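Heads up, the thing below is written out as C-alpha coordinates.
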Amino acid sequence: MALWLRAVFVWFAFLSGINSGMALADSIREFETPSQKVRYEQLIQSLRCPKCQNQSLADSDSAIATDLRDQVYRMITSNKSNTDIEDYMVARYGEFVLYKPVFESHTFFLWAAPLLFLSVGAIVFILVLRAQRKITETEF
1 MALWLRAVFV
11 WFAFLSGINS
21 GMALADSIRE
31 FETPSQKVRY
41 EQLIQSLRCP
51 KCQNQSLADS
61 DSAIATDLRD
71 QVYRMITSNK
81 SNTDIEDYMV
91 ARYGEFVLYK
101 PVFESHTFFL
111 WAAPLLFLSV
121 GAIVFILVLR
131 AQRKITETEF
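If you're matching positions, the sequence shown starts at 1 in UniProt numbering and goes up one per residue.
In C-alpha coordinates form, the structure reads like this:
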(Lines of atoms letter the chains of each structure in order from A and count residues from 1; the text may use other names and numbers.)
(Lines give C-alpha, C1' and ligand atoms only; values in the text may rest on other atoms or scores of the structure.)
Protein backbone atom coordinates (compact mmCIF):
# COMPACT_ATOMS: atom_id res chain seq x y z
CA MET A 1 0.00 0.00 0.00
CA ALA A 2 2.81 2.43 0.87
CA LEU A 3 4.46 1.77 -2.51
CA TRP A 4 1.19 2.60 -4.28
CA LEU A 5 0.84 5.91 -2.38
CA ARG A 6 4.43 6.79 -3.14
CA ALA A 7 3.86 6.13 -6.85
CA VAL A 8 0.76 8.35 -6.83
CA PHE A 9 2.68 11.11 -5.05
CA VAL A 10 5.54 10.93 -7.57
CA TRP A 11 3.05 11.02 -10.45
CA PHE A 12 1.30 14.15 -9.10
CA ALA A 13 4.66 15.81 -8.41
CA PHE A 14 5.69 15.07 -12.00
CA LEU A 15 2.46 16.52 -13.41
CA SER A 16 2.75 19.61 -11.21
CA GLY A 17 6.26 20.23 -12.45
CA ILE A 18 5.15 20.02 -16.07
CA ASN A 19 2.24 22.38 -15.49
CA SER A 20 4.29 24.99 -13.62
CA GLY A 21 6.97 24.85 -16.32
CA MET A 22 4.38 25.60 -18.98
CA ALA A 23 3.06 28.55 -16.97
CA LEU A 24 6.58 29.87 -16.50
CA ALA A 25 7.36 29.56 -20.20
CA ASP A 26 4.25 31.58 -21.02
CA SER A 27 5.18 34.41 -18.67
CA ILE A 28 8.76 34.97 -19.92
CA ARG A 29 8.76 37.59 -22.65
CA GLU A 30 11.68 39.66 -23.91
CA PHE A 31 10.90 43.27 -24.78
CA GLU A 32 13.13 45.90 -26.35
CA THR A 33 11.99 48.62 -23.95
CA PRO A 34 10.27 48.69 -20.55
CA SER A 35 7.40 50.68 -22.10
CA GLN A 36 6.64 47.73 -24.40
CA LYS A 37 6.35 45.45 -21.39
CA VAL A 38 3.99 47.93 -19.69
CA ARG A 39 1.87 48.15 -22.85
CA TYR A 40 1.77 44.36 -23.10
CA GLU A 41 0.62 44.00 -19.49
CA GLN A 42 -2.03 46.71 -19.92
CA LEU A 43 -3.35 45.19 -23.14
CA ILE A 44 -3.64 41.63 -21.88
CA GLN A 45 -5.47 42.98 -18.81
CA SER A 46 -7.86 45.07 -20.93
CA LEU A 47 -8.70 42.37 -23.49
CA ARG A 48 -11.21 39.65 -22.62
CA CYS A 49 -10.62 36.00 -23.45
CA PRO A 50 -13.09 34.98 -26.20
CA LYS A 51 -13.57 31.54 -24.63
CA CYS A 52 -13.88 32.59 -20.99
CA GLN A 53 -16.82 34.65 -19.78
CA ASN A 54 -15.20 37.15 -17.44
CA GLN A 55 -11.47 36.62 -17.59
CA SER A 56 -8.90 38.80 -19.23
CA LEU A 57 -6.19 37.36 -21.45
CA ALA A 58 -3.83 37.72 -18.50
CA ASP A 59 -6.07 35.71 -16.16
CA SER A 60 -7.15 32.94 -18.52
CA ASP A 61 -5.32 29.64 -18.91
CA SER A 62 -7.17 28.59 -22.06
CA ALA A 63 -5.29 27.76 -25.25
CA ILE A 64 -6.87 30.63 -27.17
CA ALA A 65 -5.81 33.11 -24.46
CA THR A 66 -2.25 31.83 -24.75
CA ASP A 67 -2.37 32.26 -28.52
CA LEU A 68 -3.79 35.77 -28.19
CA ARG A 69 -1.13 36.75 -25.64
CA ASP A 70 1.46 35.54 -28.18
CA GLN A 71 -0.24 37.59 -30.88
CA VAL A 72 -0.27 40.72 -28.69
CA TYR A 73 3.42 40.15 -27.94
CA ARG A 74 4.27 39.81 -31.65
CA MET A 75 2.29 42.93 -32.53
CA ILE A 76 3.90 45.00 -29.77
CA THR A 77 7.41 43.91 -30.73
CA SER A 78 6.62 44.81 -34.36
CA ASN A 79 5.73 48.34 -33.14
CA LYS A 80 1.96 48.19 -33.67
CA SER A 81 -0.05 50.73 -31.68
CA ASN A 82 -2.56 49.79 -28.99
CA THR A 83 -5.35 50.89 -31.33
CA ASP A 84 -4.03 48.60 -34.09
CA ILE A 85 -3.92 45.67 -31.68
CA GLU A 86 -7.43 46.33 -30.35
CA ASP A 87 -8.77 46.74 -33.90
CA TYR A 88 -7.16 43.42 -34.86
CA MET A 89 -8.82 41.65 -31.93
CA VAL A 90 -12.22 43.28 -32.55
CA ALA A 91 -12.07 42.39 -36.26
CA ARG A 92 -11.59 38.72 -35.40
CA TYR A 93 -13.59 38.27 -32.19
CA GLY A 94 -16.04 41.18 -32.08
CA GLU A 95 -16.42 43.87 -29.45
CA PHE A 96 -16.83 41.16 -26.81
CA VAL A 97 -13.04 41.13 -26.40
CA LEU A 98 -13.07 44.74 -25.19
CA TYR A 99 -13.90 45.30 -21.54
CA LYS A 100 -14.72 48.91 -22.47
CA PRO A 101 -16.70 48.85 -25.73
CA VAL A 102 -16.59 51.91 -27.96
CA PHE A 103 -19.45 54.42 -27.77
CA GLU A 104 -21.50 53.99 -30.95
CA SER A 105 -25.17 54.00 -31.85
CA HIS A 106 -25.58 50.25 -31.30
CA THR A 107 -23.85 50.41 -27.89
CA PHE A 108 -25.75 53.50 -26.70
CA PHE A 109 -28.07 51.50 -24.44
CA LEU A 110 -25.09 49.75 -22.88
CA TRP A 111 -23.64 53.10 -21.86
CA ALA A 112 -26.97 54.80 -21.02
CA ALA A 113 -28.56 51.89 -19.10
CA PRO A 114 -26.89 52.59 -15.72
CA LEU A 115 -27.99 56.23 -15.78
CA LEU A 116 -31.46 55.25 -17.00
CA PHE A 117 -31.94 52.61 -14.29
CA LEU A 118 -30.63 54.96 -11.61
CA SER A 119 -33.06 57.68 -12.73
CA VAL A 120 -36.02 55.28 -12.81
CA GLY A 121 -35.07 53.97 -9.37
CA ALA A 122 -34.86 57.51 -7.96
CA ILE A 123 -38.28 58.41 -9.43
CA VAL A 124 -39.87 55.25 -8.01
CA PHE A 125 -38.26 55.94 -4.63
CA ILE A 126 -39.64 59.50 -4.56
CA LEU A 127 -43.12 58.30 -5.59
CA VAL A 128 -43.13 55.65 -2.86
CA LEU A 129 -42.04 58.22 -0.25
CA ARG A 130 -44.83 60.59 -1.31
CA ALA A 131 -47.38 57.78 -1.18
CA GLN A 132 -46.18 56.81 2.32
CA ARG A 133 -46.43 60.43 3.45
CA LYS A 134 -50.04 60.68 2.19
CA ILE A 135 -50.95 57.43 3.94
CA THR A 136 -49.49 58.58 7.26
CA GLU A 137 -51.21 62.02 6.96
CA THR A 138 -54.64 60.45 6.38
CA GLU A 139 -54.25 58.11 9.37
CA PHE A 140 -54.06 61.02 11.83
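Here a beta-carbon is modelled for each residue, glycine too, at the ideal position from N, C-alpha and C.
What you are looking at is a predicted structure, and each value in this text was computed from that prediction instead of being measured.
| Asked | Found |
| --- | --- |
| Ile76 burial status per 10 Å Cβ neighbour count (16 or more: buried) | buried |
| Whole-Å CB distance - Gln45 paired with Ala58, under 8 Å assumed | 5 Å |
| The region 89 to 102 touching the region 37 to 52, judged by at least three CB pairs closer than 8 Å | yes |
| Reduced DSSP category for Leu47 - H, G, I as helix; E, B as strand; rest coil | strand |
| Three-state secondary structure (DSSP) of Ser81 | coil |
| Residues that DSSP places opposite Tyr98 in a beta bridge | The residue asked about is misnamed: residue 98 is Leu in this sequence, not Tyr. Note: Leu98 sits in a beta bridge opposite Leu47. |
| Top-ranked residue by Cα proximity to Ser81, from Asp61, Ile135, Ala65, Val38 | Val38 |
| C-alpha distance - Ile85 paired with His106, whole-angstrom precision | 22 Å |
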